[in-house]
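Enquirer:
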Amino acid sequence: MTVVFADRMEFLRASEIREILKITQRPEVISFAGGLPAPELFPVEEMKCVALKVLEESGKQALQYSTTEGFEPLRKQIEVRLNKKFKVDVKYTNILITSGSQQALDLTGKLFLNPQDIVLCESPTYLAAISAFKAYKPNFIEVPTDDDGMIIGELEKILQTTVNIKFIYIIPDFQNPTGRTWSLDRRRQFIEVINQYEIPVIEDNAYGELRFEGEVLPAIKSFDSKGLVIFVSTFSKTFCPGLRIGWIAADTQFIEKYVLLKQAADLHTSSISQREISRYIELYDFEAHIKMLAEVYKGRRDAVVTAMQKFFPQNVRFTYPQGGLFTWVELPRHVSAKALLERCLKQNVAFVPGDSFFPNGRIENTFRLNYSNMPEERIYEGIRRLSKEIENY
Ligand code: PMP
Numbered sequence: 001m002t003v004v005f006a007d008r009m010e011f012l013r014a015s016e017i018r019e020i021l022k023i024t025q026r027p028e029v030i031s032f033a034g035g036l037p038a039p040e041l042f043p044v045e046e047m048k049c050v051a052l053k054v055l056e057e058s059g060k061q062a063l064q065y066s067t068t069e070g071f072e073p074l075r076k077q078i079e080v081r082l083n084k085k086f087k088v089d090v091k092y093t094n095i096l097i098t099s100g101s102q103q104a105l106d107l108t109g110k111l112f113l114n115p116q117d118i119v120l121c122e123s124p125t126y127l128a129a130i131s132a133f134k135a136y137k138p139n140f141i142e143v144p145t146d147d148d149g150m151i152i153g154e155l156e157k158i159l160q161t162t163v164n165i166k167f168i169y170i171i172p173d174f175q176n177p178t179g180r181t182w183s184l185d186r187r188r189q190f191i192e193v194i195n196q197y198e199i200p201v202i203e204d205n206a207y208g209e210l211r212f213e214g215e216v217l218p219a220i221k222s223f224d225s226k227g228l229v230i231f232v233s234t235f236s237k238t239f240c241p242g243l244r245i246g247w248i249a250a251d252t253q254f255i256e257k258y259v260l261l262k263q264a265a266d267l268h269t270s271s272i273s274q275r276e277i278s279r280y281i282e283l284y285d286f287e288a289h290i291k292m293l294a295e296v297y298k299g300r301r302d303a304v305v306t307a308m309q310k311f312f313p314q315n316v317r318f319t320y321p322q323g324g325l326f327t328w329v330e331l332p333r334h335v336s337a338k339a340l341l342e343r344c345l346k347q348n349v350a351f352v353p354g355d356s357f358f359p360n361g362r363i364e365n366t367f368r369l370n371y372s373n374m375p376e377e378r379i380y381e382g383i384r385r386l387s388k389e390i391e392n393y
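The numbering of the sequence shown is our numbering, which starts it at 1 and goes up by one.
#1: Who sits around the ligand PMP, taking every residue whose Cβ is closer than 6 Å to one of its heavy atoms?
#2: Please report how far the alpha carbon of G354 lies from the alpha carbon of E330, in whole angstroms.
#3: How big is the Cα-Cα spacing for Y297 and I152?
#4: Starting from S233, trace the beta strand (DSSP E) in both directions and tell me its first and last residue.
#5: Can you give the Cα-Cα distance for V229 and V201, rounded to whole angstroms?
#6: Is the stretch 311-326 touching the stretch 165-175, taking contact as three or more C-beta pairs under 8 Å?
#7: What whole-angstrom Cβ distance do A135 and R8 have, given they're in contact under 8 Å?
#8: Tell me the rounded alpha-carbon separation between P144 and Y65.
#9: Can you check DSSP and say which residues form a bridge with P321?
#10: With a cut-off of 8 Å on the beta carbons, I'd call N83 and D117 a contact; round off their distance for me.
#11: Determine the closest residue to D204 out of D224, K53 and I170, with distance taken between C-alpha atoms.
#12: The beta strand (DSSP E) that contains K166, what's its start and end?
#13: Over what stretch of residues does the beta strand (DSSP E) that includes P144 continue unbroken?
#14: What first and last residue would you give for the alpha helix (DSSP H) that runs through A249?
#15: Counting Cβ pairs closer than 8 Å, one from the stretch 110-127 and one from the stretch 271-291, do we hit at least three?
#16: Take S222 and list the residues in its own chain whose beta-carbon comes closer than 8 Å to its own, dropping the five residues that flank it on each side.
#17: Less than 8 Å separating the beta-carbons of T98 and I248?
#18: For D406, which option in P218, Y197 and E198 has the closest C-alpha, if you only look at C-alpha atoms?
#19: Based on the DSSP secondary-structure assignment, which residues constitute the bridge partners of E203?
#20: My parser needs the alpha helix (DSSP H) runs of 4 or more residues fully inside the stretch 74-131; what are they?
#21: Which residues in the same chain as C422 place their Cβ atom closer than 8 Å to its Cβ, once the five residues preceding and following it in sequence are excluded?
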């Protein structure tokens, strides 16, 4: 039988990370490959009480269909938190709850992209955003970045010479994969340019609340005087990814369209999950929970950085993340991270080679390390083995 799939399937491939993650299931493997929050930090006991309360108090509604926009008390809680944390001034009526922020990315592709339209993104960027957008067959232009974020001069050059740019996708806080954070100056310069060209921006803030040190920086959305920034975030990293609760905060012209698309996609996000998170925030100290997560992850960040400083050869560079779950390593130009991975897997150490994070590129000499999901001793031992393989290479 000859089955003919849609053209978009041509561009979708099994993620390399998923393939690597299969190998890393073996308990003896020290894996820096995933991006998982630490499961031992999930508030399981509290969630048992919350689940019971939700079912006792509002079981019928929690198990029923609900509105596409989302559970109103939760949207109000998000409104307050966005304002307090990131100076984002948005009414709950402009917040749509999504099934994880991954759904927000997929709906974004659906909303904006015709085949061959242009998406601008940081180089490198989040792998699963590339996959979500790719299903709509755009072309990507990667904007060069440095330690302070997107390089504005390079962005302007692209904006001056390119037609049909539909949106710019950015992760300004503790980026996946690099762990870098845009400076305040860069945020301001960026929004100035955006206001001039009037192009929608998707600001993905999956990690912003997981800050280990330094000042919380206002979101780019907080400088958004023209309503061009679509702010996307999630409870996956501050709470539990299994509940699948994310959101979009944006101007009415965008939110109305997202609601139509979401209705067609899955009607609404899980009623019971939304009520559970909302009730948890009412009953417990969510800020204290996030603070505890940040302290544990900071210890793990310290372990990975200390070990890299001690063991890595001088010509290997790496980022120093002030929050989030990742650091990014740059090997000398001639070294292939994929070849290094093959050697490391034999020593039961895994990571993700960097080239998957460049939508167009074949940049071979980088890789991503995740440090959130194992104790400090294991991180130290993993980096020791990894360094040996770099030296042997
Ligand atoms: N954006 C970024 C930058 C991410 O790293 C992730 C998860 N790894 C997501 C979005 C999606 O997360 P979720 O769907 O769990 O909210």
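Yeah, the Cβ is synthetic: ideal placement off N, Cα and C, and Gly gets one too.
On a predicted model such as this, the values are computed, not experimentally measured, just so you know.
Expert: Considering the structure as presented:
#1: G35, G100, S101, Q102, Y126, I171, N176, D204, A206, T234, S236, P241 and G246
#2: 9 Å
#3: 31 Å
#4: V229 to T234
#5: 5 Å
#6: yes
#7: 5 Å
#8: 45 Å
#9: According to DSSP, P321 bridges with nothing at all.
#10: At roughly 33 Å, the Cβ-Cβ gap does not stay under 8 Å, so N83 and D117 are not in contact.
#11: I170
#12: I165 to I170
#13: N139 to D146
#14: Where A249 is concerned, there is no enclosing alpha helix (DSSP H), although the beta strand (DSSP E) it sits in stretches over I245 to A249.
#15: no
#16: F86, K87, V88 and D89
#17: yes
#18: As shown, the chain starts at 1 and ends at 393. That puts residue 406 outside it, with no answer to give.
#19: I170 and F231
#20: 100-112
#21: The requested residue 422 does not occur in the structure, where the chain is confined to residues 1 to 393.
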